[in-house]
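*Asks:* Sharing a structure here in structure tokens format.
Residue numbers (the working numbering): 1 to 173.
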């Protein structure tokens with residue numbers, strides 16, 4: 001079964017990245033302006049799409065955010081899940097928060113290793129694709145790659161630049 005997995009380092013604290021993944025303003029800043037919530041289900045609207053994507057929030061804490069598909073649309077997302085794992089990112093050797101030291105390994109927990117303040121490593125995964133839906137996975141992976149660049153830019157700069165802009169909004173009952 002295929003799985004999309006993308007990792008990126010973001011020069012922003014975990015709390016900022018977490019807010020970008022769990023708040024209305026955060027999600028609307030980089031993904032779509034059509035974001036709403038109905039209890040623990042996030043509703044995402046996109047231009048020229050007949051109904052919102054429905055993603056149930058299964059977990060949202062400083063280490064991990066997990067959503068599961070909770071709707072019938074889009075059909076190729078049936079049974080899928082999305083996971084965002086957040087961790088402190090190792091500081092770059094030669095930066096003010098980690099001076100270059102000969103022989104200092106970059107592995108967490110190694111002697112001399114220090115995580116950079118205000119830096120986050122994000123591991124994104126989208127899996128659970130059902131048989132017959134694999135054909136659409138490459139296109140979805142390409143869109144996620146573009147979205148993650150916007151997420152990173154937003155977390156680092158605060159610049160609002162949603163990938164999708166829609167005037168439609170679903171109001172929660």
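Virtual Cβ for every residue (Gly too), placed ideally from N, Cα, C. Computed from a predicted structure; not experimentally measured.
Whole angstroms are fine: how far does the CA of residue 121 sit from the CA of residue 158?
*Replies:* 18 Å
*Asks:* For residue 165, name the three-state secondary structure that DSSP assigns.
*Replies:* coil
*Asks:* Would you mind listing the beta strand (DSSP E) stretches within the segment 4 to 84 that are 3+ residues and don't spill past its ends, in chain order?
*Replies:* 4 to 10, 34 to 38, 41 to 45, 53 to 60, 64 to 69
*Asks:* What's the C-alpha gap between residue 17 and residue 47?
*Replies:* In a straight line, the C-alpha of residue 17 is about 25 Å away from that of residue 47.
*Asks:* Take the Cβ of residue 45 as the centre, count every other Cβ of all protein chains shown within 10 Å, and call the residue buried at 16 or more, exposed below.
*Replies:* buried
*Asks:* Using the beta-carbon count (16 or more within 10 Å), is residue 106 buried or exposed?
*Replies:* Legend: pLDDT at residue 106 = 44, less than 50; position of this residue unreliable, no value from coordinates given.
*Asks:* Under a Cβ-count criterion, where at least 16 other Cβ atoms within 10 Å of its own Cβ denotes burial, should residue 59 be classed as buried or exposed?
*Replies:* exposed
*Asks:* I'd like to check one pair, residue 128 with residue 79: are the Cβ atoms closer than 8 Å?
*Replies:* yes
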